[in-house]
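Read through the structure below, which is laid out as structure tokens, and then see the notes.
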Ligand SMILES: [Zn+2]
């Protein structure tokens, strides 16, 4: 619906260009063009209409798509949504950007399924609570998965012995902070992938998807705080609530600030990065608190190594994003493969996986220790 409106706007521009080109052609042909006025090529289309929506160079892009002047060629410009979707399977300068985060999404989706199976009783409990309102709305539907899961959760609730015998999980430490992280990571990676795939369609969709992409990054940072803060401070609910509320508020504020179209402009690249880096680095405060409080905990070094790897991956990735290296050194040489944004994407996945490793350690540690009786 929106895309049709946008297509009208794009077509309006194309029509103006077509009219100007037609006038010039007619002048050249001394008016002979009146009778056999040719159909004017659309953007990216070769004359004769054989090759529609060809890739274009940086200089042929509309202003809003000029994001990185060191990537010279292989751009898709104002393609219809269907062509943009199908370009998932062809080479252009966003192919690797799309696939790195799409594969990352699939990886986290697979991990989520593995853990859902592993921790099924607790998750069925959570989904059971969520699915009751859904099943009320959909009461005319004879069979739906929500009812099945609600039933499963009810069954487990009324047979608590099954929860402890159903899996190898010994403790009943809640799993939702861990799954919040997995869900947020999937949201971030999928919205990034969609942004890279489809933002070549039109200015309006470009702005919408870029904001979705920023929201995904903010969500990823916020949810990354959930497993460590929740499990480390599980027995200190005030600290837990304070840290989780603070990072959630910072995330909401960042998303609000980034909704301004001005901040989406390429020249604000550094300010945007600074907002995200600031959010991420604020984790140093609870990390220092946790390290001091658990100094003699044997797993301290393992979790610090994981979280150090995560921080290094994100920071080095951000440095590539800002410096636009290596394409800055040889413009045009890294258009298809090897440019900074692809390196940034790969490091985001590496950072998320390192954090996943740390989250598993925090979860298992709390499973083993529980909370001392007060
Ligand atoms: Zn990206």
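Residue numbers (full-length UniProt numbering): 1 to 374. Here a beta-carbon is modelled for each residue, glycine too, at the ideal position from N, C-alpha and C. Computed from a predicted structure; not experimentally measured.
Beta-carbon proximity list for residue 73, same chain, < 6 Å, skipping 5 on both sides: The beta carbon of residue 73 sits closer than 6 Å to those of 57 and 335, all from its chain and outside the five residues before and after it, given in chain order.
Quick one: Cα of residue 49 to Cα of residue 55, how far? For residue 49, the pLDDT reaches just 46, beneath the cut-off of 50, and the residue's location in the model is therefore unreliable, leaving the point undetermined.
Residue 313: beta carbon under 6 Å from a heavy atom of ligand 1? In this structure, ligand 1 has no non-hydrogen atom nearer than 6 Å to the beta-carbon of residue 313.
Whole-angstrom distance between residue 79 and residue 53, CA atom to CA atom: Their backbone Cα atoms lie some 7 Å apart in a straight line.
Please classify residue 342 as buried or exposed, where buried requires at least 16 other C-beta atoms within 10 Å of its C-beta. By the neighbour-count definition (other C-beta atoms within 10 Å, threshold 16), residue 342 is a buried residue.
Given that a residue counts as buried once 16 or more other Cβ atoms are within 10 Å of its Cβ, and exposed if not, what is residue 370? With fewer than 16 other Cβ atoms inside 10 Å of its own Cβ, residue 370 counts as exposed.
Could you tell me which of 261, 240 and 274 sits nearest to residue 285, measuring between CA atoms? Between residue 285 and the set 261, 240 and 274, the nearest pair of CA atoms involves 240.
For residue 59, count the other beta carbons within 10 Å of its own beta carbon; 16 or more makes it buried, fewer makes it exposed. Which is it? Looking at its Cβ environment, which holds fewer than 16 other Cβ atoms inside 10 Å, residue 59 is exposed.
For ligand 1, which residues count as neighbours when the test is a C-beta closer than 6 Å to any heavy atom? My final list is 97, 192, 196, 341 and 345.
Local conformation of residue 390 per DSSP, three classes: Lying outside 1 to 374, the shown extent of the chain, residue 390 is not represented and no answer is given.
Using DSSP with H/G/I as helix, E/B as strand and the rest coil, what is residue 75? Three-state result, residue 75: strand.
Sort 248, 70, 173 and 86 by Cα distance to residue 360 and report the nearest one. If we check each option's Cα against that of residue 360, 173 comes out closest.
Can you tell me whether residue 252 is buried or exposed? The criterion is at least 16 other CB atoms within 10 Å of its CB, across all chains shown. Of the residues assessed, residue 252 falls on the exposed side of the cut-off, its CB having fewer than 16 other CB atoms within 10 angstroms.
Report the three-state DSSP secondary structure of residue 372 (helix, strand or coil). Coil.
Assign residue 321 to one of two classes, buried (16 or more other C-beta atoms within 10 Å of its C-beta) or exposed (fewer than that). By the neighbour-count definition (other C-beta atoms within 10 Å, threshold 16), residue 321 is a buried residue.
Around the Cβ of residue 293, are there at least 16 other Cβ atoms within 10 angstroms (buried) or fewer (exposed)? It is exposed - the Cβ of residue 293 has fewer than 16 other Cβ atoms within 10 Å.
Taking the Cβ atom as the reference point for each residue, do residue 255 and residue 215 lie within a distance shorter than 7 Å? Cβ distance < 7 Å, so residue 255 and residue 215 count as in contact.
According to the neighbour-count rule (16 or more other Cβ atoms, all chains shown, within 10 Å of its Cβ), is residue 327 buried or exposed? Counting of Cβ neighbours within 10 angstroms places residue 327 among the buried residues, the total reaching 16 or more.
Helix, strand or coil for residue 180 per DSSP? The three-state reading of DSSP puts residue 180 in helix, counting H, G and I together.
Complete alpha helix (DSSP H) runs within the region 191-250 (minimum length 4 residues, chain order): Runs found: 203-232.
Could you tell me how far apart the beta carbons of residue 186 and residue 108 are, in whole angstroms, since I believe they sit closer than 8 Å? At roughly 5 Å, the Cβ-Cβ gap stays under 8 Å, so residue 186 and residue 108 are in contact.
Alpha carbon to alpha carbon, how far is residue 333 from residue 340? Distance between the alpha carbons of residue 333 and residue 340: 12 Å.
Output the distance between the C-alpha atoms of residue 347 and residue 329, rounded to the nearest integer angstrom. Take the alpha-carbon of residue 347 and the one of residue 329: they are about 21 Å apart.
For residue 68, count neighbouring C-beta atoms within 10 Å of its own C-beta (all shown protein chains included) and say buried if the count is 16 or more, exposed if not. Buried, because 16 or more other Cβ atoms sit within 10 Å of the Cβ of residue 68.
What residues in its chain sit with their C-beta under 7 Å from that of residue 366, if we drop five residues either side in the sequence? Same-chain partners within the cutoff: 173, 231 and 234.
Hey, how far is the Cα of residue 270 from the Cα of residue 350? In this structure, the alpha-carbon of residue 270 lies about 22 Å from that of residue 350.
Using only CA atoms, which one of 277, 236, 237 and 283 lies nearest to residue 247? Cα-wise, what sits closest to residue 247 is 283.
Could you compute how far the alpha carbon of residue 358 sits from the alpha carbon of residue 258? Straight through space, the alpha carbons of residue 258 and residue 358 are spaced by roughly 29 Å.
Beta-carbon contacts of residue 324 that lie in its chain and below 7 Å, excluding the five residues immediately before and after: The answer, listed in chain order, is 68, 70 and 340.
Which same chain residues end up closer than 7 Å to residue 224 when comparing Cβ atoms and leaving out the 5 residues on each side of it in sequence? In chain order, 181 and 355 place their CB closer than 7 Å to the CB of residue 224, counting only its own chain and leaving out the 5 sequence neighbours on each side.
Coil, strand or helix - residue 255 by DSSP: Residue state, collapsed to three classes: helix.
Leaving out the 5 sequence neighbours to the left and right, which residues in its chain are closer than 7 Å to residue 280 when beta-carbon positions are compared? The residues are 221 and 314.
Are the Cβ atoms of residue 201 and residue 85 separated by less than 7 Å? Not in contact: residue 201 and residue 85 (Cβ atoms no closer than 7 Å).
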